[in-house]
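Protein sequence lines correspond, in order, to chains D and R.
The numbering used here puts the first sequence at residues 1 to 194.
The numbering used here puts the second sequence at residues 1001 to 1103.
A virtual CB, placed ideally from N, CA and C, is assigned to each residue, including glycine.
What follows is a short report on a single structure.
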Amino acid sequence: MADHRLIAAYRHDLLERLPAELAEEVCDGLADTHQHYVRLGQNPDEAAVAAIAEFGEPATVVDAFRKACPVWRLARILVTTGPIVGGMWAAGLISEQAWGWPIPNTARLAVGLVLFASVALLITAMRTRRYQSLRRAAIAGGLGIAALDGSVVVTALVLAPAFGSLLIVATSVSAARLAFVAGSLRGCVAKPVA
Amino acid sequence: MDALLLAALESGPRHGYAVMEALRESTGGRLDLPTGTIYPALHRLEAAGLIAGSWSLVGGRRRRCYVLTEAGRSALSGRRADWRDFAAVISAAIEGAPWPTTA
Chain D
1 MADHRLIAAY RHDLLERLPA ELAEEVCDGL ADTHQHYVRL GQNPDEAAVA
51 AIAEFGEPAT VVDAFRKACP VWRLARILVT TGPIVGGMWA AGLISEQAWG
101 WPIPNTARLA VGLVLFASVA LLITAMRTRR YQSLRRAAIA GGLGIAALDG
151 SVVVTALVLA PAFGSLLIVA TSVSAARLAF VAGSLRGCVA KPVA
Chain R
1001 MDALLLAALE SGPRHGYAVM EALRESTGGR LDLPTGTIYP ALHRLEAAGL
1051 IAGSWSLVGG RRRRCYVLTE AGRSALSGRR ADWRDFAAVI SAAIEGAPWP
1101 TTA
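In C-alpha cells, the structure reads:
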C-alpha cells in the first residue's frame, strides 16, 4: 500500500539525513502508527498528522540517532578532553625544552596541520545534522588524533634525553587515549550503520 | 529509558513500534516519549550487546525485530534491583517510611 503523502515526505526527509536501513526501520513504525490511528476512526490526513506528532519531527529523530551514535560520543569526548591533553603535552615538552629536539620543520608543520584538521573534523561531527557526515567526520578526526598521539609518544620516547614526570604523564594519557580511540573505532567498523 | 526498553523485550522479540505499544500498555498510557526516539535507543542498546536485532519480511515489509541477549537479561535484573533500592530510599525520605535495608 502506498504511503500517505505526509508519511512519504517524512520518509524522504529521513532518507536525506539517515542511512537507508535506519530510515526504513523508523518509517515502518510510522506506517504502523498511521494505520493504528486510521483503525481508531481518524481519516487518513488526521491519522498522518497524529502519527507524525507521536513520532516526533524528522529533526528530532535524526538528532536522537546522532547522539546515540558511538562516534558522536567519541567526537564529544575528544573535543572536551583535547585541551587538557594538549596542556599536559605543553607542560611536558616545555619541561624537556623540546624546541631543541632535532625535528625537521616540515614534520612540525605536518603535526600542526593534522591537529588542526582533526579538531575541525571532530567539531564538524558534533555539529552536522547528517548522520553519514557525522560518521565520516568523527572517524577521520579520531584517526587523526590517534595518529598524532602515536607520533608524539614515539617522538618523545626517542628524542627526550631525560624522561621527566610531566612527560611521563603526557605520554601515558596519550597512550590511553590512543587505546580508547582504537577501541571505539573498531566497534564502528564492525557494525557500519551504528 | 534503557531499563524500560529492556523490560519491554523481556517477554519475547518485538519490533520498534511493538516495543512502544508494550511500554504504553505497561504504563497505562502515561509514558509520553516521541516514538521516533525509541529507535536510536534500541540501536544504542544493540551496540552495547544488550539486545540483538535482525531483519525479517512481514506482510511484504521489511521489519527489524529485537530480542534480549543474556547480557541484556543480566543488565535488566541489575537495573531492577537498583531501581527498587532507589525508590525505597526516596519513599522513605519523602513519606517518613522506615529506612530500607539493602541486604
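Cut-off 8 Å between Cβ atoms - residues of its own chain near residue i, not counting five sequence neighbours on either side
{"i": "Ala59(D)", "result": "Arg129"}
{"i": "Gly1028(R)", "result": "none"}
{"i": "Val38(D)", "result": "Pro44 and Ala47"}
{"i": "Met88(D)", "result": "Leu166, Val169, Ala170 and Val173"}
{"i": "Glu1046(R)", "result": "Ala1052, Gly1053 and Tyr1066"}
Assigned secondary structure, residue i (DSSP; H/G/I helix, E/B strand, else coil)
{"i": "Arg5(D)", "result": "helix"}
{"i": "Trp101(D)", "result": "coil"}
{"i": "Arg1064(R)", "result": "strand"}
{"i": "Ala1030(R)", "result": "The question names Ala, yet the displayed sequence has Arg at residue 1030(R). If DSSP states are grouped into helix, strand and coil, Arg1030(R) belongs with coil."}
Range covered by the beta strand (DSSP E) that runs through residue i
{"i": "Ala1052(R)", "result": "Ile1051 to Val1058"}
CB contact below 8 Å: residue i versus chain R
{"i": "Asp28(D)", "result": "yes"}
{"i": "Val114(D)", "result": "no"}
{"i": "Val61(D)", "result": "yes"}
{"i": "Ala64(D)", "result": "yes"}
Run of the alpha helix (DSSP H) containing residue i, from where it starts to where it stops
{"i": "Asp1002(R)", "result": "Asp1002 to Ala1008"}
{"i": "Gln35(D)", "result": "Ala20 to Arg39"}
{"i": "Gly142(D)", "result": "Tyr131 to Leu159"}
{"i": "Glu1095(R)", "result": "Glu1070 to Glu1095"}
{"i": "Thr80(D)", "result": "Pro70 to Ser95"}
{"i": "Pro44(D)", "result": "Pro44 to Phe55"}
{"i": "Pro1040(R)", "result": "Ile1038 to Ala1047"}
Neighbourhood of residue i by C-beta, 7 Å cutoff - its chain only, sequence neighbours within 5 removed
{"i": "Ser1056(R)", "result": "Arg1063 and Cys1065"}
{"i": "Arg11(D)", "result": "Asp3, Ala23 and Cys27"}
{"i": "Ala156(D)", "result": "Leu167 and Thr171"}
{"i": "Ser174(D)", "result": "Val85, Asp149, Val152 and Val153"}
{"i": "Ile123(D)", "result": "Val79"}
{"i": "Leu1023(R)", "result": "Leu1004, Ala1008 and Leu1031"}
{"i": "Glu16(D)", "result": "none"}
8 Å Cβ cutoff, residue i in contact with chain D
{"i": "Tyr1066(R)", "result": "no"}
{"i": "Gly1096(R)", "result": "no"}
{"i": "Arg1014(R)", "result": "no"}
{"i": "Arg1080(R)", "result": "no"}
{"i": "Arg1073(R)", "result": "no"}
{"i": "Arg1061(R)", "result": "yes"}
Cβ shell of residue i (< 6 Å), same chain only, five flanking positions each side left out
{"i": "Val158(D)", "result": "none"}
{"i": "Val1067(R)", "result": "Pro1013 and Ala1052"}
Open item on the list: At a CB distance below 7 Å, what residues from the region 1024–1055 of chain R approach chain D? Give them in sequence order.
Closed with: Considering only beta carbons, the part of the region 1024–1055 of chain R lying closer than 7 Å to chain D consists of Pro1034, Thr1035, Gly1036, Thr1037, Tyr1039, Pro1040, Ala1041, His1043, Arg1044 and Ala1047, in chain order.
Task: Selection of the region 24–57 of chain D by Cβ proximity to chain R, strictly under 7 Å - done: Within the region 24–57 of chain D, Glu24, Glu25, Val26, Asp28, Gly29, Asp32, Thr33, Glu54, Phe55 and Gly56 place their CB atoms closer than 7 Å to a CB of chain R, listed in sequence order.
- [ ] Taking a Cβ distance cut-off of 9 Å, strictly less, list which residues of the region 69–101 of chain D are near chain R, in chain order.
- [x] Residues Cys69 and Pro70.
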